[in-house]
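Chains as they are written, first to last, in my numbering: chain A, 1 to 317; chain B, 1 to 574.
Backbone N, C-alpha and C define an ideal beta-carbon position, used for all residues, glycine too.
Heads up, the thing below is written out as structure tokens.
What follows is the structure, encoded as structure tokens:
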């Protein structure tokens, strides 16, 4: 296990380097002027030149790239080009907001979707199964921004049941924070319900048809015992992999949802940075999201190994 | 005409003020123009009222003067008089405001409306905004007086004003602020005020010696030059509001989060007296659509700025009070005058004759705009000359002009950026031009690409913008004077001269405008400018549109500038 984790960490460094390089290339591929983008089209050229010099964006690209890589691996992301404030505290705050929203969305989605998937699998090809499958396909086909807009108009504006903005007042208690986040989290949960429920259903059907399940049933175990001891641990393995990917995606920020609910998570922060060519912010944000993705998949791998010991993390065994 | 009253004011007026009084008395200025001009030149509210009363037919009746007090400079009166008493009874409560997310809250360096709006809550200007939203009124300066040629301006400061930390506000703070602004190359003061140009005569008087005569100087140290907020002498350039929240204004910064919002609490020691409300809460947004939704969901009470398209529902909301400030905000449809299909003046005129301006205003702004006449002198400027004939849609004339120029099947690409109503404007212009046989292909691009590749590419540098496309639409914000539009966009080799307009006659008229300080001289220069531009048409200018803000009718006393600054010192719950 230790060797496996070590190897994954080394691979992660390579991935982060690639990620940072790609971000740098994308940020610099267009012939755009950072100083001009920040100061606006009407700023005098002297001011633009002075700002470019101050930011170092007038240096050769290779020098800027080397500086960028140094910052990536020393976790010294410097100051935002736009606000002049250190990048990491701003990203940490945005990440914390994204984590709250993603956490609530997953909390809403996972139990319901897994329960629905198992429910459908045990009633395969019956009306209930068809209903869950149809619901899953429909919910995952509607983009978050459509669901979010409908929720805002109906629940927020018309019925005034929940706040239309997701950012709670400063120092709000946990119930208040949940109340503010409930609508955007629901919009996200509706989409992911479909993915997770269908994956759970497929995995469960597969396991229910397996020899060891049949054997367990023939041994005289009750249905509940079969499900708990033999089916669930195996059936949920692909679901865990899907959830891990979704975690990274949710933490990375759902820009549409954040915009609709005016929530300053990672999505809006990164979009703002991209629009303003705030390369330190953009690079640091991409790296942080990359780290979250890697940790989520690592956690998923380890969870899967725990659920099914036949999965060996270390290929030498 | 009541000469006795008139002479009373004449006797105490300096030459520039006298010039304005005579222009009004002779009927060369409208009442609105006179009030605007006289305020800028530092005539007191009482003197303005006396002149209007003296010149009106019912000069002896008190109603004329009374109406002045009600409609012209109420804020001046309120500001001056409010130093000892609150402007309204305290009602308590907090107003929640939807605002653009500030890019910077550094009072000296900020360049965005979000920053302007936040900093103006705690810091104040020498000349603030009157409650009508379009003119200046006494702020930290109680009155200002020019010398005979407008080269020296003396500002008398309000006394007994304190910074939020309790220290006294003095002339030294003003001088230090001006030095910082000059050093930073403030766009309004550049070429007007040099280093050492502001001197403290005593603790409550600052004398500004300008580079040359300037009849509009008070505008340049007012709310209309958003960076001229007065900061403490000890303030260090580059410090942001949240790091040194020490203004003189009605509101003290309580919390600030660059991503989510800011809260302010009442400044009990404000010179205007305690505010009726306990505080304000700004909530930051990236777009206007969610601001409108937030209002509809009862989560905000006021919106700092919205556009007609995203705020359409607000126009029908009986509980929402719209503040439509007439402003010089406009779009310029530039046409290359030096080469290509629009080099012939008749072709440019032809395109301008296809504009159905009233239809554009109705469709794009629901009527909340004023007609443009293909020049940048906005109707709100006191030197605007309405005698220049207004261009109207005339398709037959457009066709004739094209025929005279020997042009048939004119086809051009109309470039524009993805900003507010501009893509819709481009589409409407395309359909209107088609009526005269002109084919416009609309090319909408992201703003960055548009500015960098079409409007004013960085290369070639000399002359500036010589790499611009032959036809495009660019946006211009509000300016208290038209100098920037004239100097940058239209003067030969101007830094934003995308049409590559090069007219010695225009340049001479602009120079005449810049160097004239009296209202008659400025108006005469503007007549030339309007006439030349309307005839040459280096730019089409179909409208000047209103700046839109608004608030729930649960609150009264809210007013707004056209630069993102919303004022709540007199706001109260209804």
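Query: Beta carbon proximity, residue 514 of chain B to chain A, threshold 9 angstroms; Result: no
Query: Span of the beta strand (DSSP E), counted from its first residue to its last, around residue 552 of chain B; Result: 547-552
Query: Residues that residue 93 of chain A contacts on chain B, provided the C-beta gap is smaller than 7 angstroms; Result: 259
Query: Limits of the unbroken alpha helix (DSSP H) element including residue 427 of chain B; Result: 422-434
Query: Classification of residue 310 of chain A by the beta-carbon crowding that lies within 10 angstroms, buried from 16 upward; Result: exposed
Query: Residue-level contact to chain A via CB, residue 298 of chain B, 9 angstroms cutoff; Result: yes
Query: Closer than 9 angstroms to chain A by CB, residue 290 of chain B; Result: yes
Query: Residues of the region 147-168 of chain A whose Cβ lies closer than 7 angstroms to any Cβ of chain D, in chain order; Result: In the structure shown, chain D does not exist; the protein chains are A and B.
Query: 9 angstroms Cβ cut-off: residues of chain B touching residue 170 of chain A; Result: 255, 257, 260, 261, 263
Query: From B:243, B:413, B:193, B:524, residue whose alpha carbon lies closest to that of residue 388 of chain B; Result: B:524
Query: Nearest neighbour of residue 270 of chain A, chosen from A:304, A:61, A:27, A:126 [CA to CA]; Result: A:27
Query: Members of the region 269-287 of chain B near chain A, C-beta cut-off 9 angstroms; Result: 281, 283, 284, 285, 286, 287
Query: Rounded C-alpha distance that separates residue 4 of chain A from residue 245 of chain A; Result: 20 angstroms
Query: Selection from B:151, B:135, B:133, B:157 that minimises the alpha carbon distance to residue 144 of chain B; Result: B:157
Query: Residue from B:483, B:549, B:498 whose Cα sits closest to the Cα of residue 377 of chain B; Result: B:483
Query: Residue environment, residue 229 of chain B, which counts as buried when at least 16 other CB atoms sit within 10 Å; Result: buried
Query: Supposed contact pair residue 415 of chain B and residue 450 of chain B - C-beta distance, whole angstroms, cut 8 angstroms; Result: 6 angstroms
Query: Strand pairing of residue 415 of chain B, partner residues [DSSP]; Result: B:443, B:472
Query: Residue-level contact to chain B via CB, residue 251 of chain A, 9 angstroms cutoff; Result: no
Query: Residue 33 of chain A, enclosing beta strand (DSSP E) - first and last residue; Result: Per DSSP, residue 33 of chain A belongs to no beta strand (DSSP E) and is neither H nor E.
Query: Alpha carbon of residue 350 of chain B to alpha carbon of residue 514 of chain B, nearest angstrom; Result: 31 angstroms
Query: Sequence-distant residues of the same chain with beta carbon closer than 8 angstroms to residue 306 of chain B, five excluded per side; Result: 288, 291, 292, 314, 548, 549, 550
Query: For residue 330 of chain B, the residue or residues it bridges with in DSSP; Result: B:476, B:544
Query: Rounded C-alpha distance that separates residue 47 of chain A from residue 267 of chain A; Result: 30 angstroms
Query: Supposed close pair residue 54 of chain B, residue 6 of chain B - CB separation, criterion 8 angstroms; Result: 4 angstroms
Query: Beta-carbon proximity check, residue 575 of chain B vs residue 238 of chain B, cutoff 9 angstroms; Result: A query on residue 575 of chain B cannot be resolved here, the shown segment of chain B reaching from 1 to 574 and no further.
Query: Alpha-carbon spacing of residue 138 of chain B relative to residue 164 of chain B, whole angstroms; Result: 20 angstroms
Query: Exposure label - residue 287 of chain A; buried when at least 16 CB within 10 Å; Result: buried
Query: Contact belief for residue 455 of chain B with residue 492 of chain B at Cβ below 8 angstroms, rounded distance in angstroms; Result: Not quite, the Cβ-Cβ distance comes to about 18 angstroms (not below 8 angstroms), so this is no contact.
Query: Residues of the region 253-266 of chain A with Cβ closer than 8 angstroms to any Cβ of chain B, in chain order; Result: 259, 260, 261, 262, 264
Query: Continuous alpha helix (DSSP H) stretch holding residue 495 of chain B: start and end; Result: Segment: none, residue 495 of chain B is in no alpha helix (DSSP H) and carries neither H nor E.
Query: Given residue 472 of chain B as reference, the closest of B:423, B:504, B:502 once Cα atoms are compared; Result: B:423
Query: Continuous beta strand (DSSP E) assignments of at least 3 residues falling wholly in the region 189-250 of chain B; Result: 198-202, 205-209
Query: For residue 372 of chain B and residue 543 of chain B, believed in contact at Cβ under 8 angstroms, the rounded distance; Result: 5 angstroms
Query: is_contact[residue 185 of chain B, chain A] using C-beta, thresh 9 angstroms; Result: yes
Query: Residue-chain proximity (residue 495 of chain B, chain A), Cβ-Cβ < 9 angstroms; Result: yes
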